[in-house]
Structures are given as structure tokens and as C-alpha cells.
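Here is the structure we will look at.
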Amino acid sequence: MAVSPEQFDRLVRDLPGMGNDPLSVRRRVEAMEQMLEGLFVIPGINRRVGLDSIIGLIPVAGDLIAAAMGAWIVWEARNLGMSKWQLTRMAANVGFDTLLGAVPLVGDAFDLFFRSNSRNLKIIRRHLDKHHPHTITIER
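Going by my numbering, the first residue of the sequence shown is number 26, and it counts up by one from there.
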């Protein structure tokens with residue numbers, strides 16, 4: 026069964042979080058950040074960790090995969106029309122996390138404390154709150 030472009034556009038528009046509007050982008054970026062930085066809590070130290078820390082344990086490939094997922098957040102920010110300065114800061118966060126995360130053992134410990142995706146989400150939220158105030162969500 027073939028789907029026409031109009032049907033596909035309507036389907037994408039009706040799915041929650043799949044549009045190009047700022048609210049959909051905000052939801053996608055927040056979900057990605059939650060997955061990368063806060064999937065569960067390490068018992069004893071009460072520290073949230075996510076896929077970034079877990080797949081970072083895999084030498085080279087894990088860090089590259091985590092960098093690609095962090096770069097996706099920067100790409101979404103670019104689609105929001107954020108300034109080059111903000112995008113540069115965000116890319117530097119991902120790059121710094123990737124470079125230091127690639128160092129064996131030290132990089133794995135570093136991933137627990139330097140959360141580039143959370144920093145980037147904060148930059149995106151500030152931009153959205155200023156330029157698209159209708160996307161503000163109240164956190165409980």
C-alpha cells in the first residue's frame with residue numbers, strides 16, 4: 026500500500042513530538058537527554074546515569090555512538106534557528122565529552138560527571154523560553 030506525500034505529512038503532523046514545530050523539537054531533545062543522561066540511578070551514590078555512560082564503556086565505538094547522539098541534539102538546535110555561538114558552544118560540549126570520554130578508565134569516570142547533553146539541553150531551553158515561550162512546560 027503506497028502512501029501519498031500528503032498522507033505522510035498528515036501522519037507525521039498528528040504523531041506527538043514528530044513535527045518541526047518548537048514544542049515537538051523540545052520534547053524530542055528532552056527525551057534524548059533523559060535517555061543519554063538519566064535512565065537510572067546508581068545505588069549507593071544516588072547518581073543518575075544513562076546510555077552515554079554505559080555505551081562509553083565500549084572502547085572507541087561507544088564514544089563515537091554517544092557523540093553521534095549528542096550531535097543529533099546539536100542538529101535539532103540548528104533546525105530551531107539558534108545562533109552560531111550557541112551551536113558552537115553545544116558542539117564544543119559534545120567534542121570535549123567525546124575526547125575525554127575516549128581516554129580509558131579516566132574517560133569512563135569523567136562521563137559520570139561531565140554531562141554534555143544536559144548542558145546542551147539547558148542552552149536549548151533558554152533559547153526556547155526566550156523565543157518560543159508557548160513551549161514552556163511546567164515540571165512536577
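We put the beta carbon where it would ideally sit given N, CA and C, even for glycine. Keep in mind that this is a model prediction, so the values were computed, not measured.
Residue i versus residue j: straight-line alpha-carbon distance, rounded
i, j, result
"L64", "P30", "36 Å"
"V119", "D154", "22 Å"
"I148", "Q32", "35 Å"
"D136", "K109", "26 Å"
"L130", "V85", "12 Å"
"D46", "L112", "19 Å"
"A27", "M43", "21 Å"
"I67", "S49", "30 Å"
"R35", "E101", "21 Å"
"G95", "D133", "16 Å"
Buried versus exposed call for residue i [16 or more other C-beta atoms within 10 Å across all chains shown]
i, result
"A91", "buried"
"G69", "exposed"
"I161", "exposed"
"I98", "buried"
"N71", "exposed"
"G106", "exposed"
"N104", "exposed"
Identity of the residues DSSP links to residue i by a beta bridge
i, result
"F65", "V74"
C-beta atoms of residue i and residue j nearer than 7 Å
i, j, result
"L124", "E58", "no"
"E62", "R151", "no"
"A127", "D77", "no"
"G75", "M60", "yes"
Alpha helix (DSSP H) segments (min. 4 residues) lying fully within the region 74-136: Counting only runs of 4 or more, we get 76-80, 86-104 and 109-126.
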